[in-house]
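K.L.:
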Amino acid sequence: MQISLLTNVGQKRSNNQDYVNVYTNKQGIQLIVLADGMGGHRAGNIASELAATELGSLWVQTAIVELNGVREWFMEHLEGVNRTIHAKGEEEEFQGMGTTLEAVVIIDRQMIYAHIGDSRINLIRGEELHTLTSDHSLVNALLKAGQLTPEEAQAHPQKNIITQSIGQKDPVEPDIAIQVLEPGDYIVINSDGLTNMISNQDIYDIMVSDVSLDDKAETLIRFANNAGGLDNITVALVHIDREDD
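For the sequence shown, position 48 (counting from the first letter as 1) is numbered 48 according to full-length UniProt numbering, and the numbering increases by one without interruption.
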C-alpha cells in the first residue's frame with residue numbers, strides 16, 4: 001500500500017485552513033486524517049490541525065487491529081474531539097471555529113472510514129470513480145429532497161454551508177462505513193477545494209495516468225489551481241498495490 005499526502009494554499013486564500021497527516025498505532029496500522037477548517041482569522045487552521053492531531057495522538061496509543069475495534073474507537077473519540085473543538089470555539093478569539101473531518105483506516109484490504117462535513121472520499125476501480133461519502137451540506141440536503149437539480153446545486157450561492165462539523169454544539173453523527181478493496185484500487189481523500197474546482201472525470205484521468213502517486217497528487221492540485229484555486233486544496237491518495245497478492 002502506498003500513501004501520498006499534499007496540501008496547498010490555493011490561489012485566493014492567505015492561509016491554509018486544511019490539514020492532513022498519517023498516524024501509526026502500536027501494531028503498525030495507519031490512520032489517515034484530513035480536515036478542512038472554518039472560522040475567521042486563524043481559527044480555521046487551528047481547528048483542523050487540533051482535531052487531526054488530537055485524534056492522531058489517541059490513535060498512536062492503541063493496538064487496534066480489527067475493523068470493529070476501529071468503529072468503536074471512532075464512535076468514542078470523534079465526539080471527544082468534537083467537544084474539544086467546540087470548547088475552544090467558545091473563546092472569543094476562536095469563536096465559531098470548526099472543521100470537516102475524514103478519518104480512514106485500512107486493515108487487510110478493507111477500509112473503514114468516518115466522514116463529517118463536505119470533504120470527500122472517492123474510490124477508483126477499473127474504469128469507474130465511486131464517491132463513497134455524501135456531503136453533510138445544505139445544498140446536498142436540498143438536492144436529495146429534489147428541490148435542486150445537480151446543475152443548480154453546483155452553482156448554488158450557499159454551496160459551502162455545511163450541516164455537520166467537528167466543533168458543533170450538538171453531538172456529531174459521523175457516517176461510518178466499510179469498503180472492501182481490491183488490488184489496483186485508488187482511494188482519493190480530499191477537501192472541497194479540489195472537487196469544487198475540477199470534475200470527477202479529471203480526477204479519474206489523473207489517477208489512472210502512468211506517473212507516481214506523488215506526481216498524481218501534485219497534478220490534482222495543479223489542475224485545481226489552474227481552474228482558479230479559490231480555496232485551499234488538500235489530497236490524501238492511497239494505492240492498493242497489485243504486487244501485494
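Positions of the beta carbon are idealized from the N, C-alpha and C atoms, including for glycine. None of the values given here were measured: they were computed from a predicted structure.
1. Kindly give me the distance between the Cβ atoms of Leu101 and Ala177, rounded to whole angstroms, as I take these residues to be in contact under 8 Å.
2. Helix or strand or just coil, what does DSSP make of Gly193?
3. Given this structure, state the Cα-to-Cα distance separating Leu129 from Leu123, to the nearest angstrom.
4. So does the segment 182–197 actually touch the segment 224–231, counting three or more Cβ pairs closer than 8 Å?
5. Do the segment 53–61 and the segment 8–25 make contact, defined as three or more Cβ pairs closer than 8 Å?
6. Quick check on this structure: which residue in Ala103, Ile85, Pro171, Asp108 has the alpha carbon closest to the alpha carbon of Met97?
7. Thinking C-alpha only, which one of Gln30, Leu5, Arg71, Glu90 is nearest Gly167?
8. Can Ile116 and Leu78 be called in contact, C-beta distance under 9 Å?
9. I believe Ile107 touches Arg71 by the beta-carbon criterion, under 8 Å. Please report the beta-carbon distance rounded to the nearest angstrom.
10. Helix, strand or coil, according to DSSP, for Glu218 in the structure here?
11. For Ala227, does the three-state DSSP call read helix, strand or coil?
P.N.:
The answer reads as follows:
1. So it is not a contact: roughly 15 Å between Cβ atoms.
2. helix
3. The straight-line gap from Cα to Cα measures roughly 6 Å.
4. yes
5. With a cut-off of 8 Å on Cβ pairs, the segment 53–61 is in contact with the segment 8–25, counting three or more such pairs.
6. Ile85
7. Glu90
8. Taking 9 Å as the Cβ cut-off, Ile116 and Leu78 qualify as a contacting pair.
9. Not a contact, Cβ separation roughly 11 Å.
10. helix
11. coil
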